[in-house]
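S.K.: Numbering (this note's numbering), first residue to last: 65 to 920. This is the structure I want to talk about, given as C-alpha cells.
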Amino acid sequence: MEDSFTNRRASWQPDIDQLSRDGSHYSLSTTILPALGAGSNRRIKLRSFVLSPYDRRYRVWEAFLVILVIYTAWASPFELGFLDRPRRPMSILDNVVNGFFAIDIILTFFVAYLDRSTYLLIDNRGKIARKYATSWLAFDVISTIPSELIWYISPRPLREYGLFNMLRLWRLRRVSALFARMEKNRNFNYFWVRCAKLICVTVFSVHCAGCFNYLLAAHNDDPTNTWIGKSMPPGVDFRQLSLWFRYVTSMYWSITTLSTVGYGDLHAVNAKEMVFTVFYMLFNLGLTAYLIGNMTNLVVHGTSKTRHYRDTIQAATSFSQRNQLPSRLQEQMLSHLSLKFRTNSEGLQQQETLDSLPKAIRSSISHYLFYSLVDKVYLFRGVSNDLLFQLVSEMRAEYFPPKEDVILQNETPTDFYILATGAVELLVMKNGVQQVIGEARTGELCGEIGVLCYRPQLFTVRTKRLTQLLRLNRTTFLNIVQANVGDGTIIMNNLLQHLKEVKNPIMEGILVEIENMIARGRMDLLTLCFAALRGDDLLLHHLLKRGIDPNETDNNGRTALHIAASQGNENCVRLLLDSGADPNCRDSEGSVPLWEAMLGGHKPVIKLLSDNGAKLSTGDIGLFSCTAAEQNNLDLLKEIVRHGGDVTWPNHEGRRALHVAVCEGNIEMVKFLLDQGANIDVADENGFTSRDLAEQQGHDDIKELFASLKGIAANVDEARVSGVRFLGRYKSDPIMSPMSQDEGSWGRSRTTARRRRTNSYHNSLFGIMKAAAQTGDDTLLSSVEEAPARITVTCPEKGDVGGKLVVRPGSLEELKEMGAKRYGASFVRVLGKGGAEIDDIQVVRDGDRLAFAATE
C-alpha cells in the first residue's frame with residue numbers, strides 16, 4: 065500500500081539545474097497542473113526507465129512521428145486507389161514507417177500517463193501496461209503489420225492491396241493533438257496555425273475523395289462506362305495511362321466537385337459513381353461550412369477592433385455636431401479616441417495588462433518601469449525607498465494626444481501627474497484669454513500644488529505633443545504619506561524649497577499663502593485634534609505628555625475635546641479632562657463638548673462631562689434647540705432642558721426652536737416648547753411670528769392649538785408694520801423675504817442655513833500631517849521614548865481625591881516615601897485602578913492613577 069502510494073504520488077525533489085536541462089513537467093499549455101503546495105521550481109522524480117509524457121526528448125520523438133503520420137495519410141488512400149499490388153520503393157518506405165511506429169508501441173510501455181481523476185502522473189509500469197492494453201494497443205499493432213503479409217495471406221476475394229492500410233489512418237489523432245498544442249503555444253501565431261490546420265483538412269479530404277472515386281472507376285467491368293473513361297478518346301483504356309496522369313485527373317475532379325463549380329467534363333456516369341458523388345457533395349456542405357466559419361471568425365476577430373473604432377468615431381462626431389461643440393473640443397475628442405484605439409490595437413495595452421496581474425507582480429513591474437523616474441522628481445528627493453516603492457505601485461500610466469487638456473484651471477484637486485515622456489504647457493486665463501506661463505517636461509510635476517495644498521488647480525495643463533503621464537490619486541497619496549510621517553515632512557520641505565527657487569510671481573504668491581497657512585496651524589507633526597479624530601487614546605496621551613496645550617484649537621475653534629465628545633470616545637475625553645482641558649470650551653459656531661456628546665447620543669461621555677462641570681449654558685443654546693427642532697428630535701430637546709438649557713432662546717440669527725417646530729409641523733414638539741414658556745408672538749429674523757408661520761405653512765392642528773391659547777387676538781399685521789410684506793400668491797406658498805440691498809440682485813436669503821467654512825489648511829497635506837516647514841526636528845517617537853513616565857498620586861484617606869501629577873520614581877519604596885512626605889503619614893499599601901495592590905514599581909505604567917492606603 066505504501067509503495068503504491070509512493071508510485072502514484074511521486075516524491076518532490078528540488079533540482080533546478082536538472083529542471084533547466086529537461087524542462088518543467090508542468091506547462092500552462094498542457095493538461096497537467098501541480099498539486100496544491102507544489103512549488104513551480106520543483107519537478108517530479110519518476111521511477112527508473114519511465115519517461116514523462118512532457119519530457120522534451122519525448123516531445124521531439126512525437127514530432128518526428130507526426131511527419132511519418134503525414135506520409136501515412138497520403139500513402140494509404142493512394143495505395144488503395146491506384147495500386148493493385150506492392151511496388152517498390154513505396155512498399156519498402158511503408159515498412160520503414162511501420163518499424164518506427166512499432167518502436168513507439170514498445171516505448172509507450174515505459175511512458176507515464178496522467179490519471180484524470182487525481183491529475184497525478186502514474187509511473188507504475190504494470191498500470192501503464194494495463195491501461196495501454198485496454199485502450200489503443202490493438203489498433204496500433206494492427207496498423208503496423210506489413211501490407212505485403214496481409215495481401216499474401218488474405219483470401220482471393222478480399223485480396224485488395226491498400227484496403228488494410230486504411231487502418232493506419234488511426235494515426236491521424238497525433239496530428240490533431242499536435243495542432244491543439246500549437247494553438248496554445250505562444251511561440252506560434254494562432255492565425256497561421258489555424259489556417260494551416262484548415263488547409264491540411266481540405267487537402268486530405270480532396271486527396272481521399274479523388275482516390276476513392278478512381279477506385280470505383282478502376283474496378284468497373286466496362287472502363288468506358290466510368291467518369292474517367294468517358295473523357296478518354298475512343299479505344300484508349302485509361303488504366304494503361306501513366307500513374308501521374310490518372311492521379312492528377314482524380315485530384316482535378318475532386319477539387320472542382322468540392323468547390324461546387326464542376327465544369328461538366330468529368331462527371332458521374334454509372335450508379336455507383338452517382339451514389340458516391342451524392343455523399344461526397346453532402347460531405348462538402350459540412351466541410352465548406354466549417355472552412356467558411358473558421359475563416360470568417362479569424363478575419364472578423366482581426367477587424368472587429370477597427371470596426372468598433374470607426375463606430376466610436378462616428379458616434380463622437382455625431383455627438384459633437386448635435387451639441388454644436390467648439391472645433392477645439394471636437395479635435396480633442398477625436399484625438400483621444402484615436403490614441404485609445406492605437407494603444408489597444410497595436411499591443412500597447414499597458415495598464416490593462418498591469419491590472420490583470422496580481423499586486424506583487426504589478427508592483428515589481430511598476431518599480432522596474434517608474435522607480436528611476438519618480439526618484440528624480442523634486443518632490444520626492446530624500447524620502448525613503450519604502451515610500452517610493454508604495455507610490456510607484458499605485459501610479460497609472462496614461463497616454464494623452466497633442467493639444468489635450470489634462471488639468472483644467474480651478475478644477476477640483478483629485479490627481480497630480482508626473483511626465484514620463486513628452487511635454488505640457490501651463491496656461492492661465494487672463495481677461496478672457498488663455499496665456500502660456502510655463503512648460504513642464506519629462507520628470508517634472510503638474511497639479512501637485514492643488515493636491516498638496518487642497519486648493520483649486522492653479523493652471524490649465526495642455527499637452528504639446530504625444531505625452532505619457534503617471535497619474536497618482538490624491539487620496540491614495542495622502543494615505544501613503546500618513547503612514548510615513550517623516551517622509552511627509554520631507555515632501556513639504558521640498559515643495560517649499562521649490563517654490564522659493566522658482567522665480568515666478570505666481571509661485572511667490574503661492575509661497576506666501578502656504579507660509580501663512582502653516583503659520584495658522586501648529587508646528588508639530590501631529591496634533592491633539594488628529595489623535596482625537598482617529599480615536600487613538602495612546603497617541604493622545606503621548607502628545608499630552610509632551611506638554612501640548614489640551615485646549616488647542618483648529619481654525620474653526622474646535623478642540624480635541626469637541627472631537628472626542630462627538631465620537632463618543634470616553635477614554636480620550638477622560639485623558640483630556642485629566643490634563644486640564646476646559647469642559648466648557650466653545651468653538652467658532654458656539655458649540656460645546658457637552659452638546660457634541662448629546663448630539664451623538666453618547667450617554668457615558670455626557671455623564672463624564674457633566675461630572676466635570678460641563679454646562680450647556682456656556683454654548684449657543686438657541687443653536688442647540690434649533691438643531692434639535694430641525695431634526696424633529698423631541699428627546700434631544702428634553703435632554704437640553706434636563707441639562708439646564710433654555711429652549712426658548714433664539715440663535716444668533718434670531719430664529720427660535722418654536723419657529724422651526726412650526727415649520728416642520730411637529731405638534732408634539734410645539735406643545736413641549738409652549739410648556740417651556742415659548743412665546744408664539746415673538747417674531748423670527750424675517751419678522752414672522754409662530755402664528756404667521758403656522759398660517760403660511762397650512763398646519764391646521766397647530767393653528768387650532770394656538771387659537772386655544774390666550775392672546776389669540778395678536779396683531780397679525782405686526783409683520784407688515786415692521787416693513788416685511790408677504791410675497792406669495794396664496795397663504796400656503798413658502799415664505800419669501802425681500803432681498804436686502806447689500807445682497808445685490810441675486811443675494812442669498814437670510815433664511816438660508818449658514819454653511820460651514822471650508823478649511824483648505826486641514827484638507828491640505830500640511831493640515832493632515834501638521835508638519836513643520838523647518839527640518840531637523842525630532843520625531844514624535846523619539847520624543848516619546850525620551851520623556852519620563854508620569855503618574856497621578858492620591859490619598860482618599862486624607863481627603864485628597866483630585867491628586868497630583870508626579871514623575872514616577874525608580875522603586876516602590878521611593879514612591880511610599882513620596883507619599884509620606886506629601887501627606888504626613890506612613891503608608892503600607894499603594895493601590896492601583898480598581899483597588900488592586902501594587903507590589904512592584906515595574907507594573908506602574910505611564911499615566912496610571914495610584915492611591916495611598918495607611919491600613920492593611
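Just so you know, even glycine gets a beta-carbon here, dropped at the ideal spot from N, CA and C.
Rounding to the nearest angstrom, what Cα-Cα distance links Arg-913 and Asp-642 in this structure?
M.R.: Rounded to whole angstroms, Arg-913 to Asp-642 spans 10 angstroms at the Cα level.
S.K.: If Ala-461 sits next to Gln-532, beta carbons under 8 angstroms apart, how far is it from one beta carbon to the other, in whole angstroms?
M.R.: Ala-461 to Gln-532, Cβ: 6 angstroms. Contact.
S.K.: For Thr-540, which of Leu-451, Asp-651, Pro-520 has the nearest alpha-carbon?
M.R.: The candidate whose alpha carbon is nearest that of Thr-540 is Leu-451.
S.K.: Using DSSP bridges, identify the partner residues of Leu-490.
M.R.: In the DSSP output, where bridge partners are listed per residue, Leu-490 has Gly-502, Val-525.
S.K.: Does DSSP classify Asp-904 as helix, strand or coil?
M.R.: Three-state result, Asp-904: coil.
S.K.: In its own chain, which residues sit with a C-beta less than 8 angstroms from the C-beta of Val-438, not counting the 5 before and 5 after it?
M.R.: If we look at Val-438 and ignore the five residues flanking it on each side, its Cβ neighbours are Phe-444, Leu-452, Leu-455, Val-456, Met-459, Ile-482, Leu-534.
S.K.: Under 8 angstroms between the Cβ atoms of Val-525 and Ile-471?
M.R.: Contact flag set, yes.
S.K.: Please list, in chain order, all residues of the same chain as Ile-377 whose beta carbon is under 7 angstroms from its beta carbon, the five residues on each side excluded.
M.R.: Within the same chain, Ile-377 has close Cβ partners Leu-398, Leu-401.
S.K.: Are there three or more Cβ pairs, one per stretch, closer than 8 angstroms when the segment 286–306 is compared with the segment 155–167?
M.R.: No: fewer than three Cβ pairs fall under 8 angstroms.
S.K.: Report the three-state DSSP secondary structure of Leu-185 (helix, strand or coil).
M.R.: In this structure, Leu-185 counts as strand in the three-state DSSP scheme.
S.K.: If Met-636 and Asp-675 are in contact, beta carbons under 8 angstroms, what's the gap, nearest whole angstrom?
M.R.: Met is not the amino acid found at residue 636; the sequence shown has Cys there. Not quite, the Cβ-Cβ distance comes to about 16 angstroms (not below 8 angstroms), so this is no contact.
S.K.: Across which residues does DSSP place Leu-914 in a beta bridge pair?
M.R.: Looking at the DSSP assignment, Leu-914 forms a beta bridge with Val-857.
S.K.: What separation, rounded to the nearest whole angstrom, lies between the Cα atoms of Ser-890 and Thr-553?
M.R.: In a straight line, the C-alpha of Ser-890 is about 52 angstroms away from that of Thr-553.
S.K.: Suppose the cutoff is 8 angstroms on Cβ atoms and the five residues either side in sequence are ignored; what does the same chain contact list for Glu-694 look like?
M.R.: The answer, listed in chain order, is Val-724, Glu-728.
S.K.: Taking Leu-201 as the reference, give the member of Gly-190, Phe-173, Leu-185 with the closest Cα.
M.R.: It is Phe-173 whose Cα lies nearest to the Cα of Leu-201.
S.K.: So, for Thr-623: in the same chain, excluding its five sequence neighbours on each side, which residues have a beta-carbon less than 6 angstroms away from its beta-carbon?
M.R.: For Thr-623, where only same-chain residues beyond five positions count, the Cβ hits under 6 angstroms are Asn-615, Thr-617, Cys-649.
S.K.: To test your reading of the DSSP string, which unbroken beta strand (DSSP E) runs of 3 or more residues are found completely within the segment 359–387?
M.R.: DSSP runs (the beta strand (DSSP E)) wholly in the segment 359–387: none.
S.K.: Are there 16 or more other CB atoms within 10 angstroms of the CB of Gly-899, so buried, or fewer, so exposed?
M.R.: So Gly-899 ends up on the exposed side.
S.K.: Just the Cα atoms here: how many angstroms apart are Ile-905 and Ile-855?
M.R.: When rounded, the distance between both Cα atoms is 11 angstroms.
S.K.: What residue range does the alpha helix (DSSP H) around Ala-721 cover?
M.R.: Where Ala-721 is concerned, the enclosing alpha helix (DSSP H) stretches over 721–728.
S.K.: Quick one: is Gln-760 buried, meaning 16 or more other Cβ sit within 10 Å of its Cβ, or exposed?
M.R.: Counting Cβ neighbours within 10 Å, Gln-760 comes out buried, since at least 16 surround it.
S.K.: What runs of the alpha helix (DSSP H), each 4 residues or longer, lie entirely inside the segment 222–256?
M.R.: The segment 222–256 contains these whole alpha helix (DSSP H) runs: 237–248.
S.K.: Put Leu-534 into one of helix, strand or coil per three-state DSSP.
M.R.: In the structure shown, Leu-534 sits in a strand (DSSP, three-state: E or B).
S.K.: Thinking C-beta only, is Ser-382 closer than 8 angstroms to Gln-394?
M.R.: Their beta carbons are not under 8 angstroms apart, which means Gln-394 does not touch Ser-382 by this criterion.
S.K.: I'd like the span of the alpha helix (DSSP H) that includes Ala-127, first residue to last.
M.R.: Note, Ala-127: alpha helix (DSSP H), 120–146.
S.K.: Could you tell me the boundaries of the alpha helix (DSSP H) in which Tyr-316 lies?
M.R.: Start and end: 307–322.
S.K.: What's the C-alpha gap between Ala-884 and Ala-917?
M.R.: One C-alpha to the other measures close to 11 angstroms.
S.K.: For the candidate residues Trp-659, His-666, Lys-671, Leu-516, whose alpha-carbon lies nearest to that of Gly-686?
M.R.: Checking every option, the nearest Cα to that of Gly-686 belongs to Trp-659.
S.K.: Between which two residues does the beta strand (DSSP E) holding Arg-893 run?
M.R.: It spans 893–895 - the beta strand (DSSP E) in which Arg-893 sits, taken as one unbroken run.
S.K.: Would the beta-carbon of Tyr-278 fall within 8 angstroms of that of Arg-310?
M.R.: Yes. Within cutoff.
S.K.: Roughly how many angstroms separate the alpha carbons of Asn-548 and Glu-877, rounded to a whole number?
M.R.: Cα-Cα distance, rounded: 42 angstroms.
S.K.: Using 8 angstroms for Cβ pairs, my map puts Val-726 next to Ile-766. What's the rounded Cβ distance?
M.R.: Right, the Cβ-Cβ distance comes to about 6 angstroms (below 8 angstroms), so this counts as a contact.
S.K.: If you check the beta carbons only, do Glu-126 and Arg-194 fall under 8 angstroms apart?
M.R.: In this structure, Arg-194 does not lie closer than 8 angstroms to Glu-126 by Cβ.
S.K.: Express the C-alpha separation of Ser-116 and Arg-374 in angstroms, rounding to a whole number.
M.R.: Answer to the nearest angstrom: the Cα atoms are 51 angstroms apart.
S.K.: Can you tell me which of the three DSSP states Cys-649 falls into?
M.R.: The answer is coil: DSSP assigns Cys-649 none of H, G, I, E or B.
S.K.: Select from Ser-181, Asn-495, Leu-530, Glu-489 the residue whose C-alpha is nearest the C-alpha of Cys-510.
M.R.: Cys-510 has its Cα closest to that of Glu-489, out of Ser-181, Asn-495, Leu-530, Glu-489.
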